[in-house]
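Here's the structure we're looking at; comments come further down.
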Amino acid sequence: MSALLQLDHVGRSYPVGGFFARRQLQAVKDLSFTLNADRPEIFTIVGESGSGKTTTARMILGNEVPTSGVIRFLGQDVAAIRSRKDRLAFMAKVQPIFQNPFEAFNPLTTLDFYLYSTARRFLGLRTRAEIEAAADKALQHVGLSLVEVRGRYSHELSGGQLQRIAVARALIPSPKLIVADEPVSMVDASLRMSIVNLFRTLRDDLGVTIIYITHDLSTAYYISDRVIIMHKGDVIEAGDARAVLGNPSEDYSRALRNAVLPPDPVAARRIIEARLERRRAALTEAGT
Amino acid sequence: MDGFAKYLARRFLQFILVIFLGVSLAFLITHLSPVDPVEQSVSLMTNFGATDPRSVALLREALSELYGLQGSFFEQYLAFWGRVLHGDFGPSLSSFPTPVMSLIMGALPWTVGLLTLSVLISWCLGNLLGALAGYFRSNLLLKLSGAAVMALHPVPAYIVGLLLLLTFGFVWPVLPISGGAQMNLQPGFSLAFVGSVIVHGLLPALTLVLVGIGSWFISMRSLVSNIVTDDHVVYAELGGVSSGTIFSQYVARNALLPQLTGLALSLGNVFGGAVITEFLFNYPGVGRLLIQGIYSGDYSLVLGVTTMSIVAVAVAVFVIDLLYPLIDPRVRLG
Amino acid sequence: MFSILRDLLRFNVEFLIGFLLTGTIFLFAAAHFFAPYPDTAIYLLPPDMPPSAEFWLGTTSRGQDVFWQISGAIWNTMTFGLTVMILSRIVALAVGMVSGYLGGKADEVLMTINDTLIALPNIPILLLVYFVMRDQMTWPLLALTAALLGWNYDARLIRSVTLSLRNREFTRHAVFAGMSVPQVLIRQHLPYVMPVVFFTAMNNLIWAIGLEVTLSVLGFSDVNRPTVGGMIYWANQHQAAVSGIWWWLVFPIVAVVLLFLGLFLLAISINEYIDPRSRLSRMGG
Amino acid sequence: QDFIAGIPRNETLIVQGPPAQNAEWFNLWAPGGGASNDGLQQLTADTFWFINPDGTGDQAWTNALAADRPQYNADFTEMTVKLKDGIFWSDGVPFTADDVVYTVETQIAHPGMGWSAPFTVNVDRVEATDPHTVVFHLKAPNSRFHTLFTVRWNAAWIMPKHVFEKVADPLGFNNNPPVSLSAYVLQSYDKAGNWAIWKLRDDWQRTSIGMGLKEPPQVKYVVYRNAGNPDARVIEQLNHNLDVINDIAPEGMFTIARKAGDNMAAWFPGFPFAHPDPTLPSVLFNHQVKPFDNADVRWALALMIDIRSVAMGAYRGAANLAALSTPPTGIAVPDYYEPMQDWLQGFELNTGTRTIKPYDPTIAEQVAALVRPQWGESIPSDPAKLKTMFGFGWWKQDVQAATELLQKAGFTKQGNQWMMPDGKPFAIRLMVEGDNIPTLARAGTIIAQQWSMQGIKTTVDVAGPTNGQRLGAGDFEAAIYWSVETWGGHPDLSFFLDSYDSAYIAAPGKTQPPRNLQRWKSDKLDAIIAENRKIAFDSPKVIELGRDYLKLAVEEMPFIPLMAYNKFAPFDTTYWTGYPSAADPYAASGPFWSNLRYMIVALKQNPNAPKP
Amino acid sequence: MHATLKPEASTSSADPVLRVDNLKAYYQMNYFGVSREVRAVDDITLTIRRNEIYGIAGESSSGKSSLIKTIAGAIRPPLRVVSGSVRFDFDGRTLDVYNDPEAMKAARWRHLSYVMQGSMNVLNPVRRVKHAFHDFAFRHMGLSPSAFRARVEAHLERIGLDPQVLESYPHQLSGGMRQRLAIGLATVCEPEFIIADEPTTALDVLVQQDVLALIKDVQMRLGSSIIFVTHDMTVHAAIADRIGIIYAGRLVEEGPSQAMFEQPQHPYTAHLIASLPRIGDTTRRVSLPGKPPNLADPPSGCRFHPRCPLAIAKCETESPPLVPRGEGRVACWRAGEVAAA
Ligand SMILES: Nc1ncnc2c1ncn2[C@@H]1O[C@H](COP(=O)(O)OP(=O)(O)OP(=O)(O)O)[C@@H](O)[C@H]1O
Ligand SMILES: Nc1ncnc2c1ncn2[C@@H]1O[C@H](COP(=O)(O)OP(=O)(O)OP(=O)(O)O)[C@@H](O)[C@H]1O
Ligand SMILES: [Mg+2]
Ligand SMILES: [Mg+2]
Ligand code: NI
């Protein structure tokens, strides 16, 4: 069994604080996991805000260098990739999907430019026809076609379409790994499903491994194979997604799990009321 | 080493580097100057008199020894740094043997007084007007004053000064047009002297204010018109916060922060003097000293003034970089 | 290109006024190519004539027609100012964007150079350079020197804009789309930086013209080339201010002011046009 | 508020001074500039003799510290000076021959002091034979040695022995406050160099100038003030804050004349107002640069000039034109200009194809005709009077003759462009100073235009502060400047001529000692110089040799003399009257001229002055 | 004045506090000859009762924020009210938002407060938090500075914030804290009406839960009416009494939340509810086909018809009116057939 991606005791700290009081913030502490090259999967990272999810993603993408530990992609230390040529080779294999589809595309650049640029740079295509063919093929995977996209700007399309174009673009170099950092948090519920469903097809039909980062436990449960739950830089629970999310064992995971509102007024209301009760109780206690 | 100390050390190193590069560049340029201070002195001393060529040759020799101008360019460069580190720029060549430092120190209070004041006034006025004009966009009075400032902005300092000089010296002669204080007054903190300094400073200061106000105005107005669309301003308006408070605390205060950097730079530049204005009003400041130095090929003097100015600006940039996090709560050091 | 111009002219009063002002000044300046007298010629006309039907803007004490003098002077001053402006904008853009985008060592080196230039006092350095170069100091060379001194503060502004763009998602996306650094800078960041460039350009232009005047007033200029500063220089040599030859000084300044106002109006309206926010509104959604 | 704190205006003369760079420096004998032109040498220093540059004959000569004229031995190796008795330094110490000996010996011992070099070159030994007699033993015969102590503008001033002998390093001593040997003494000064105030000594009778006065001087205070740029100077005089202006542009002068009305005096009461200094602005050619080594080319360039436009453009017509190579002022008029008119009119120039008589004696009338529309009746019609105002004559513009001369020199004309014999276009860079001497810059632009119109592309090159150095180093082709200065009040031309000796000409690129800036080399000239050195200063032969030189200069045209250096120096008469003028040239009037002291002690309070 | 705490109000008071009638608010833009009109609020009529939480849902860009801004009187060009009215009923006096600017200004924060979308950024970045409270609330409370401070601190404590935060700068606080502060700021004057735009979006689940509890708590204690917007249906489920569904600038359905979740009347609502995943259920959810309508050029007839599985010919041409149905109202030609589909 060969490892596609291996995180080995990876940590990252930042100097933070104001002018005089500076300290180190441990954004990610000692994170280890391995993704198997032979078995594509959707690997989910969940956790509250500030738990180090984005930092992890950035390190995997090589945008950030771990302060401790190593990240190996197909055996190669990601932090050691420096030359432009190596970077390009790496990027051809590992592609990101960003959080906000409206932010991910420059509103003043036509969308097809991103597709063409990717095709030209990573596939080494030269002629216009080849490039367009590659772009169209990728768009077909996400249920779009080049005709719909050519010459258009980001504001002319819906968030879901944009996010799908982003995925299509990432697919052009036939990557092994896609890192999606909160790809659905900015889109509304119905768009959310179309993107999540797309990930599933990618895994099943194209054999792409996806690291899916989110704090939406419901979608995580809906599509992931494996999950890790992060809290303040630490992994507090990891394992099969259905098992972990369906029946969390740690306190924090349970709290997280219980905070998820069900789409049912009675149940949802109960959760909020319980929370309210606890608040009131805490308040009275503090008052006495 | 802890983060802040590291940052400070790096920043300080950069600060030293800036001074080193700037002063070296100034040294290079001044020493390329075609004016030879020895020749300048020779011609001053032999002008208008009967001159025997043999004695001119003798004089030239004697002077170049006196001025200490022998040695290669590089030796002079090293010697220069050696002196500068002791706060000494050597003797002035055109005012031999008075030390350059004492010439600068004589001129500095004038310039610093005049410029600091006028920079502050034009900064305050320009920013106030600019902020008002940016916030109350439809106010007619502000529109008019904005137009006046805009029309004044491109007028060169020399012309503004000349106009003031003609107006208050000639057409309606009420203000002194030349010098820093009344003649035969002994400097000191007497009422007469201070009063006289103020009266003599009025026209140069007014020139500098009028010239300086425009760029502050324009940049402030554009900063403000961006800030008024910020969420926190819109929200305050919705909250029924009084427009005075919104203007001062929400709009102007945010817009002023970037302007502070400009102010620091301008204040740093004070040490370079206001060449044209001082020249026009015969003001005994650093700018006039500089022009004299350039005209007489006194590169010790020119270099002295330039070095002071470089250091002052570098210090200003350094200090504002260090202070900014204190002034602007948002800034964190990366 | 043409349609942009048409749109601007039709729908933006500021642009229209600015266009008319600048256009008039430009035509007026260009007219000096067809002047009845060479612009360096002196004493061809009666000196010191006040503005009249024959000499619209009067004549100088050197027997030149102020009208034609200004025409040539504005042309030369404008070319000088615009050259400085454009050159320094290019440097400021290149340094500011590269520095802000690359960060790290490159940023430190560039910003050290930048700070050094900020610290260098302009006027003395220019005077000295003029001194060293003397009559080799042609105006393009002077413009180059001024441009090299005039980009630093603006580069910092541009850098801060680029700095904020660097971490935007679309930048990172562009990188993963395989775009090279120049592509990212030019295609992705330039539109956001342009408003700053336009804005600082006007201040830079004024600064350049002021520099030219300062140097001329102090006697550091090529007297054979009529410029606004040169006119002031010669007016000074003839004590025009106290001799009541006001038209020699006032009209060139009026021309400069009008030129500035025109260009300023153009700049702000073009700015509005190219500003990404308004561009997006126009593109609709 | 008083204009000057604590000093009554009606006892004060306010004079335009330069900005003093080294304002606290009062050591006249060491380099350092300082206040030397702010009254120090003009009012407090003294030496043996003065020559009034505007004077004629014996009146021009004044014995100051010396009781008599210099006495040389037969071969000019010894000069004896008798000193006046009863002169005191302002601190009460008597002035004696020891001061003189000390002055000479100290300077020789300290190279770098102002007159060290000439003393070293000339003086073998100096002795005080009694307290009022000094004998100079010279290293070689020198009939003009006394000129070192003779003031036209300045000269070797006598040092106060009792002050300097206490000082370790006379070169590093600032001499602040200075003791005075003349009638005024320092009262106060501005550290920033904008003003210095001098006060009449209580014991003014115990000075060389005071001894000769019958009444006490009325000017109690002299204020040297830097009154700013020319416009500010005009304004200050109109506001009665500046009595004596050194120099302004003609337009400024006219403005004052127009606005000040009766409160103004000048060298001429009306147009052309200006005072002609004994310096001679000319078009200098660098003889070491081709083709300016060719007299035909130089003559051709001279004949291309229309001097009337030059006079109009540079001076608004108020120029005192000069065809001879000596300034038409003071004694030069009776000694040279008047007697040489016939020769000038008869002078013939060979153009290569013919001979012409280029001299035009009617220039003064022509210029007068040009300015009459503006100045009307104030311009006299008497040709003699006009000649004192506008000069005796000049070369008539003669393009045809210039063409012939250039062709003679091997030049050819292609279209409207002259080509040099080597086939290159003939172009000239004409250097002018620019800011400090605006009138000459103006003359330069006109001459440049005239040459350009004749097919020689000429550009004006403003040298600014580098002017002196470039002239010295020969870094120019042609320039508007002067290489001739004279005593003005004495016919001897050695003042400049001695340095024209070809032995002194520097190699190209090397610095040429002052005066022979054009590097003119001529055997005939060398002969004249050698002859002049042999004869006494006051010998009548001086004039003959002077005329020989002037004729030679016309023939070879080493530089093109244009006019006297005309200075517009208006006086405000609100407080003071009795300024020198063309009608009464009793003293020099330029603020920086050390002769000014004779004007100051002669001024009278204006009875109509505003009461304090 | 409401200087004292109101007693726990009963939920039954049925008199309307807010009446929105035929409100139309468009973005009218004219840039260099390109003029466009975005019909973000198109003919909306609704009422909100005392002590009621009314949730507005709808997809992104459907005009939710625009509607709420228009209700709050917080519009600035290019958004303009084209027709219709917004009226509040405070202290028995009717306040017409667009006809009585003075009264409106006086009522702000005292009777009516507003939590903006993206409330993370509504605090002045260069001033400490306490100043915001002072600027917004001090003049309405009629308290001495120290009493005011005590009141604010007590208020903050009640909503679970350490009073220390008053001395902080906004950037020193986390997103959740700022969101809570914004709610604290909006409730400190105990207004009768609170308008909130996406108060929980971009918060993680735990914080979101907290904030929702807070809103509920405030409403229960003060008896205020709250109108809030979010596209997250589970949030509506948790706190809204009634829900209004906006599609393309129009109100397409309105009703009590319980009923709406159980039996949605409009196909769009039905889809929204059906697409919600829940933990423990991995059955495949379908997403809505097609793309959101362009409000500058909305589809004819029923605006949902291009994406509607039930669309018939009539839907393409005729716009369905909003008519009462069951406990609420709905605008759909095939309203009755939805549940069946
Ligand atoms: N460049 C940086 N400098 C300083 N601190 C940083 C930096 N990047 C991240 N952090 C800090 O590291 C911690 C982890 O941040 P990260 O963005 O990885 O969290 P996250 O799990 O992605 O949160 P969210 O759900 O809000 O996106 C946070 O406390 C954050 O403030
Ligand atoms: N300032 C504006 N100028 C022009 N159009 C605007 C402006 N603001 C919003 N719009 C347009 O109005 C429509 C409604 O926007 P609105 O912000 O009300 O939507 P929303 O439902 O609140 O969306 P979200 O869920 O993203 O907050 C959109 O089509 C949007 O593009
Ligand atoms: Mg994140
Ligand atoms: Mg919204
Ligand atoms: Ni009330």
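Chains as they are written, first to last, in our numbering: chain H, 1 to 288; chain Y, 1001 to 1334; chain V, 2001 to 2285; chain C, 3001 to 3612; chain L, 4001 to 4341.
Ideal Cβ positions, reconstructed from N, Cα and C, are used throughout, including at glycine.
Since the structure is predicted, the reported quantities are computational estimates derived from the model, not experimental observations.
Item	Value
Can you list the residues of chain C that Gly1272/Y reaches, using a CB-CB cut of under 9 angstroms?	In chain order: nothing, as chain C lies at least about 18 angstroms away.
Comparing the C-beta of His4002/L with each C-beta of chain Y, is any distance below 7 angstroms?	Residue placement at His4002/L cannot be trusted, given a pLDDT of 40 that sits under 50; what the coordinates show is reported in the next sentence. For His4002/L, the answer is no, since every Cβ of chain Y falls outside 7 angstroms of its Cβ.
Name, please, each residue of chain C whose Cβ falls closer than 8 angstroms to the Cβ of Val2223/V.	Gly3434, Ala3441, Thr3445, Val3460 and Val3462
Look at the Cβ atom of Pro4016/L, then the Cβ atom of Arg4039/L, and state whether they are nearer than 7 angstroms.	no
Can you tell me whether Lys1198/Y is buried or exposed? The criterion is at least 16 other CB atoms within 10 Å of its CB, across all chains shown.	The displayed chain sequence assigns Ile, not Lys, to residue 1198/Y. Ile1198/Y comes out exposed.
Can you list, in chain order, the residues of its chain whose CB lies under 8 angstroms from that of Asp3231/C, leaving out five sequence neighbours each side?	Gly3252
Would you say Ala2177/V reaches chain H, if we count a Cβ-Cβ gap shorter than 7 angstroms as a contact?	yes
Considering only residues of the same chain and omitting the five flanking positions on each side of Glu3365/C, which have a CB-CB separation below 8 angstroms?	Pro3383 and Leu3386
Leaving aside the five residues before and after Lys3357/C along the sequence, list all residues of the same chain whose C-beta is less than 8 angstroms from its C-beta, in chain order.	Gln3345, Gly3346, Phe3347, Glu3348 and Leu3349
Flag this pair as yes or no: are the beta carbons of Pro101/H and Leu2280/V separated by less than 7 angstroms?	no
Give the DSSP bridge partners of Val3151/C, in chain order.	Phe3050/C
Do Gly3228/C and Ala3023/C come within 7 angstroms of each other at the CB atom, strictly closer than that value?	no
Which residues in chain V have a C-beta closer than 8 angstroms to the C-beta of Asp3231/C? List them in chain order.	Asn2236, Gln2239, Ala2241 and Val2242
Roughly how many whole angstroms lie between the Cα atoms of Ile131/H and Phe113/H?	11 angstroms
Measure the alpha-carbon distance for Leu1028/Y versus Phe1073/Y and round it to whole angstroms.	9 angstroms
Check for me: the beta strand (DSSP E) holding Phe3347/C runs from which residue to which?	No beta strand (DSSP E) holds Phe3347/C; DSSP gives it neither H nor E.
Can you look up Pro1109/Y in the DSSP assignment and give me helix, strand or coil?	helix
Given a cut-off of 7 angstroms on the beta-carbon distance, is the pair Tyr3336/C and Thr3329/C in contact?	no
For chain C, check one thing: does any of its Cβ atoms lie closer than 7 angstroms to the Cβ of Tyr2043/V?	yes
Using a cut-off of 8 angstroms between C-beta atoms, extract the partners of Gln2136/V located in chain H.	Under the 8 angstroms cutoff, chain H gives no residues; its nearest Cβ is about 43 angstroms from Gln2136/V.
Quick one: Cα of Leu2020/V to Cα of Leu2261/V, how far?	11 angstroms
Please compile the residues from chain L whose C-beta is within a distance smaller than 8 angstroms of the C-beta of Ile271/H.	Gln4209 and Ala4238
Three or more C-beta pairs under 8 angstroms: does that hold for the region 1101 to 1120 of chain Y against the region 1267 to 1287 of chain Y?	yes
Is Val2254/V near ligand 2, judged by its Cβ being under 6 angstroms from some heavy atom?	no
How about Leu2265/V: is its C-beta nearer than 7 angstroms to some C-beta of chain Y?	no
So the beta strand (DSSP E) Asn4022/L belongs to, where does it begin and stop?	Pro4016 to Tyr4031
Could you check what DSSP says for Glu3127/C in three-state terms: helix, strand or coil?	strand
Using a cut-off of 7 angstroms between C-beta atoms, extract the partners of Ser158/H located in chain L.	Lys4291 and Pro4292
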